[in-house]
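Asks:
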Amino acid sequence: MVDTYDVVVIGGGPAGYPAALRAAQNGLKVACVDAWKNRDGSNALGGTCLNAGCIPSKALLESSELVYRAQHEFAVHGINTAGVSVDLAAMQKRRATIVRNMTAGIGSLFKAGGVTPIFATGRLLANHRVEVNADDGAKSEILARHVILASGSVPTELKSLPFDHQVILDSWDALELPAVPPKLCVIGAGVIGLELGSVWRRLGSQVVILEALDNFLAIADQQLASEAARHFKKQGLDIRLGAKVTAAKVTAGSVTVSYTDKKGEQSLLVDKVIVAVGRKPYTHNLLAADCGVALDERGFIQVDEHCHTAAENVWAVGDCVRGPMLAHKGKEEGLAVADRIAGRYAHVNYDVIPSVLYTAPEIAWVGQTEEQVKASGVDYKVGVFPFAASGRARAMEASAGFAKIIAARASDTLLGVHIVGPMAGELIAEATLAMEFQGTTEDLQRTIHAHPTLAESLHEAALAADKRAIDIMNR
Ligand code: NAD
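Going by my numbering, the residue at position 14 of the sequence shown is 39; the numbering climbs one at a time, nothing skipped.
1) So does MET116 have its beta carbon nearer than 7 angstroms to some heavy atom of ligand 1?
2) Can you say whether ASN499 is buried or exposed, counting buried as having 16 or more other CB atoms within 10 angstroms of its CB?
3) Should PRO306 go down as buried or exposed, given a rule of 16 or more other Cβ atoms within 10 Å for buried?
4) What separation, rounded to the nearest whole angstrom, lies between the Cα atoms of SER67 and THR285?
5) Does the beta-carbon of LEU249, which I'm using as the reference point, lie nearer than 7 angstroms to any heavy atom of ligand 1?
6) If we count the other Cβ atoms within 10 Å of its Cβ and call it buried at 16 or more, is PRO447 buried or exposed?
7) At the level of alpha carbons, what is the spacing between ASN76 and GLY132?
8) Closer than 8 angstroms is the cut-off here; do at least three beta carbon pairs connect the stretch 455-464 with the stretch 428-445?
9) When burial is assigned at 16 or more other CB atoms within 10 Å of the CB, is TYR370 buried or exposed?
10) Just how far apart, CA to CA, sit ASN310 and LEU53?
11) Which one or two residues does DSSP pair with GLN231 in a beta bridge?
12) I need the DSSP call for GLY213, collapsed to helix, strand or coil.
13) Using the C-alpha atoms, what's the distance from GLY222 back to GLU395?
14) Looking at the unbroken beta strand (DSSP E) that takes in LYS297, where does it start and where does it end?
15) Please classify HIS443 as buried or exposed, where buried requires at least 16 other C-beta atoms within 10 Å of its C-beta.
16) Measure the Cβ-Cβ separation of ILE212 and VAL270 and say whether it is below 8 angstroms.
17) So what does DSSP say about ILE104, is it helix, strand or coil?
18) Looking only at DSSP bridge pairs, what is PRO411 linked to?
19) Within the continuous alpha helix (DSSP H) that includes GLY355, where are the two ends?
20) In or out: THR181 buried (at least 16 other Cβ within 10 Å) or exposed?
21) Taking 7 angstroms as the cut-off, is the CB of LYS305 close to at least one heavy atom of ligand 1?
22) Pick out the complete beta strand (DSSP E) segments inside the stretch 116-188, 3 residues or longer, and give them in chain order.
23) Use the C-beta contact count for HIS102: other C-beta atoms within 10 angstroms, 16 or more gives buried, fewer gives exposed.
24) Could you tell me the boundaries of the alpha helix (DSSP H) in which ASP321 lies?
25) Taking the alpha carbon of PHE241 as the point to measure from, which residue in LYS258, VAL232, VAL275 has its own alpha carbon closest?
26) When every heavy atom of ligand 1 is checked, does at least one fall within less than 7 angstroms of the C-beta of GLY218?
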């Protein structure tokens, strides 16, 4: 007999597992099919984010930041750290334990919520049938009233530098290195390049980041990007812009990377290369030819504004569909689809999605950059508050960076908030909530912020937009 479900989710990452749990909360019979394999051959829920991305990278960013602070900042607090050393094996063990606990947690949530996990490769057939291919080669079929595709994304490979996972690394390899590479080249100064470059730099690697574009962090507000670039340079990250990689030659465990820049042909001899030039939707073997789901020209599953595909009752969410490849965007899409299937109202506000880079200082923003606002022709005002004027930031010895608020001059509505500085990724939540509520600088100005907190910097930036800041001079 064919197993039948109300909803089958293919993919148990940050878009798929919340969709499965929400569908079960909505009283539906749900299965989640996931093919993730760890390097030791074990299965795990959580997808790239929990197993090989967001969570392990944050674990290493935290550990390596503590090393950096112990070496460079503790002395100013009067703390003598002579003899501080790094036990990388212990650091990596901690990273692996955090990942294992988090992914096991999803299993427990599935059990409590009544979601059936199926560790196998799922393939969508016609008429909402899902082919389940187990590791031992066994093939079966399950039937679903609705299917949610949440198959995620994989790292983009450069033709001139195919991954060998020993010397030419993807982001997952780069998180599991057993030793600090003395010389490291990172290709791509995007989110992954900067986060992983920071980890290994802090642990002692000489890091060169090659970025093809002439602008640093072109997607970010450029005032934010140049402030961040200044700090990264101070930390010893050698970021080379306008650098186009042409070839790489691996010899006896090291690699020569060739690239061109304004000055012509260049080359670099390093121990490891991390390729971080973006990710692409993962749909390999996911769709039978007659399943009715179409891909766009870049390989994303085509969906409408409700994440519905061209096939009836087949939905797709997360990195495998258009929009930013961010776990929290995928989660919202997953929840929204699970609610729509249950006949409930759901909405994803694609205009208010926060972005965070977990570097030091952290970088976070929501809404439009000043460049985008300028190009839109809207008359706007800007308020900037430097963390150097924040008592809390000073006390934390973390006074680099600023909070910047951009608002429409006529309506006072917030258009974008950009933060580079301590805990920027946490602080941006207040701005995100304000923008979700279509808030104004006046709303932030009239909201009491506890003193002394980093969040006061948003309050002061909002006041600064009207030249009414208290803790800095208004210009
Ligand atoms: P990205 O798009 O953020 O950055 C890739 C960078 O590589 C770009 O700056 C691009 O110009 C550059 N590049 C491309 N080809 C190049 C070449 N041949 N030579 C030199 N530079 C080249 O991609 P990513 O950093 O790989 O991240 C992938 C996705 O994962 C992104 O969508 C990102 O948002 C997401 N992610 C998010 C987080 C987070 O939210 N903190 C963390 C990790 C990954």
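In this text, a Cβ means the ideal position worked out from N, Cα and C, and glycines have one as well.
Replies: According to the data block:
1) Not so, every heavy atom of ligand 1 lies at least 7 angstroms from the Cβ.
2) Its Cβ having fewer than 16 others within 10 Å, ASN499 is exposed.
3) Buried, because 16 or more other Cβ atoms sit within 10 Å of the Cβ of PRO306.
4) Annotation: SER67 to THR285 spans about 42 angstroms, alpha carbon to alpha carbon.
5) Taken from the Cβ of LEU249, every heavy atom of ligand 1 lies 7 angstroms or farther away.
6) By the neighbour-count rule (16 or more Cβ atoms within 10 Å), PRO447 is buried.
7) Approximately 14 angstroms, taken between the alpha carbons.
8) Because the criterion of three Cβ pairs below 8 angstroms is met, the stretch 455-464 and the stretch 428-445 touch.
9) TYR370 is exposed by the Cβ-count criterion.
10) Our two residues, ASN310 and LEU53, have alpha carbons roughly 27 angstroms apart in a direct line.
11) Listed as beta-bridge partners of GLN231 by DSSP are LYS208.
12) Secondary structure at GLY213: coil, using DSSP grouped into helix, strand and coil.
13) Distance between the alpha carbons of GLU395 and GLY222 is about 27 angstroms.
14) 297-300 is the extent of the beta strand (DSSP E) around LYS297.
15) It counts as buried.
16) At the C-beta level, ILE212 and VAL270 come within 8 angstroms of one another.
17) ILE104 falls in the coil class under three-state DSSP.
18) Answer is PHE427, bridged to PRO411.
19) Run containing GLY355: 352-366, per the alpha helix (DSSP H) assignment.
20) With fewer than 16 Cβ atoms within 10 Å of its Cβ, THR181 is classed as exposed.
21) Flag unset: Cβ of LYS305 not near ligand 1.
22) As far as the stretch 116-188 is concerned, its whole beta strand (DSSP E) runs of at least 3 residues are 140-144, 146-149, 154-158, 164-174, 178-180.
23) Exposed is the label assigned to HIS102, since fewer than 16 other Cβ atoms lie within 10 Å of its Cβ.
24) In the DSSP assignment, ASP321 falls outside any alpha helix (DSSP H), carrying neither H nor E.
25) The shortest Cα separation from PHE241 among LYS258, VAL232, VAL275 belongs to LYS258.
26) With a cutoff of 7 angstroms, GLY218 counts as near ligand 1, since its C-beta is closer than that to a heavy atom of the ligand.
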